[in-house]
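In what follows, a single structure is set out as structure tokens and then discussed.
Chains as they are written, first to last, in my numbering: chain A, 23 to 139; chain B, 510 to 622.
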């Protein structure tokens, strides 16, 4: 039973470059969430998506950040023109479809550690 | 919006002792309270959760208690072992799909043998 998959696990970008982070939810899960974890901090919610729809992006910075979850393929978190302050661990989580038991339980992937130099 | 406070930030115990981590939340509408364990460089793992229709839940050496009136909940680990050493996060949310988890800042638990 494959868990939530994320790649790459580590990503180094120079200031001004673009970062693309990918997340494949657990089999059978249809909800994807992205969280950011700064050093010594808890996880902060960024965005919640279902297939082809952004449902809640209240935690996303207004500029440079975008997310998608296409009909086919993984969810993508895209950060344009990265700055040093974007350096963090980015975690994706998934949950079962609405109507399934415990549809509110979120299971996390291993994260992508982004370093901006 | 919801705010979750977690204490202590660090906790050191001897192997075999008990450990207690406490969290408070602000939004009385929250009714789902999961706990995650994160080892260094690894993913947060859901270890136990509680919904507000119960006051306590146990799973082997781990238990969680909830006081909805006081808006606080706690994680209890008994007979601690070195492999319990990790960062533990509490969170609060609604028990419905699509709701963001609001996390505390974490507690670093160190169990020495």
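Backbone N, C-alpha and C fix where the C-beta goes; we use that ideal spot for every residue, glycine too.
**Message:** So, with DSSP's three-state summary, where would you put residue 565/B?
**Reply:** In the structure shown, residue 565/B sits in a strand (DSSP, three-state: E or B).
**Cβ separation of residue 520/B and residue 587/B, assumed to be a contact under 8 Å, to the nearest whole Å** = So it is not a contact: roughly 14 Å between Cβ atoms.
**Asked** Since residue 90/A sits in a beta bridge, which residues does DSSP pair it with?
**Response** Bridge partners of residue 90/A: 98/A.
**Prompt:** For residue 622/B, does the count of other Cβ atoms within 10 angstroms reach 16, so buried, or fall short, so exposed?
**Reply:** Exposed, by the Cβ-count rule.
**Request:** Could you confirm whether any beta carbon from chain B is found closer than 8 Å to the beta carbon of residue 53/A?
**Result:** Answer yes: the Cβ-Cβ gap between residue 53/A and chain B drops below 8 Å somewhere.
**Request:** Please confirm if residue 525/B has its CB atom under 8 Å from at least one CB of chain A.
**Result:** No, residue 525/B does not count as interfacial toward chain A.
**Message:** Give me the residue from 136/A, 33/A, 53/A with the minimum Cα distance to residue 73/A.
**Reply:** Among 136/A, 33/A, 53/A, the Cα nearest to that of residue 73/A belongs to 53/A.
**Prompt:** Rounded to whole angstroms, how far is the Cβ of residue 115/A from the Cβ of residue 126/A, which I believe are closer than 8 Å?
**Reply:** That pair is no contact at about 11 Å.
**Asked** Could you give the distance in angstroms between the alpha-carbon of residue 609/B and the alpha-carbon of residue 556/B?
**Response** Roughly 18 Å between the two C-alpha positions.
**Asked** Straight-line CA distance for residue 58/A to residue 544/B?
**Response** If you draw a straight line from the Cα of residue 58/A to the Cα of residue 544/B, it is about 17 Å long.
**Message:** Rounding to the nearest angstrom, what Cα-Cα distance links residue 605/B and residue 37/A in this structure?
**Reply:** Going from the Cα of residue 605/B to the Cα of residue 37/A covers about 39 Å.
**Request:** Output yes if chain B places a C-beta closer than 8 Å to the C-beta of residue 24/A; else output no.
**Result:** Residue 24/A has a beta carbon lying at 8 Å or more from every beta carbon in chain B.
**Message:** Using C-beta distances below 7 Å, list every residue in its chain close to residue 570/B, excluding the 5 sequence neighbours before and after it, in chain order.
**Reply:** The residues are 586, 587, 588.
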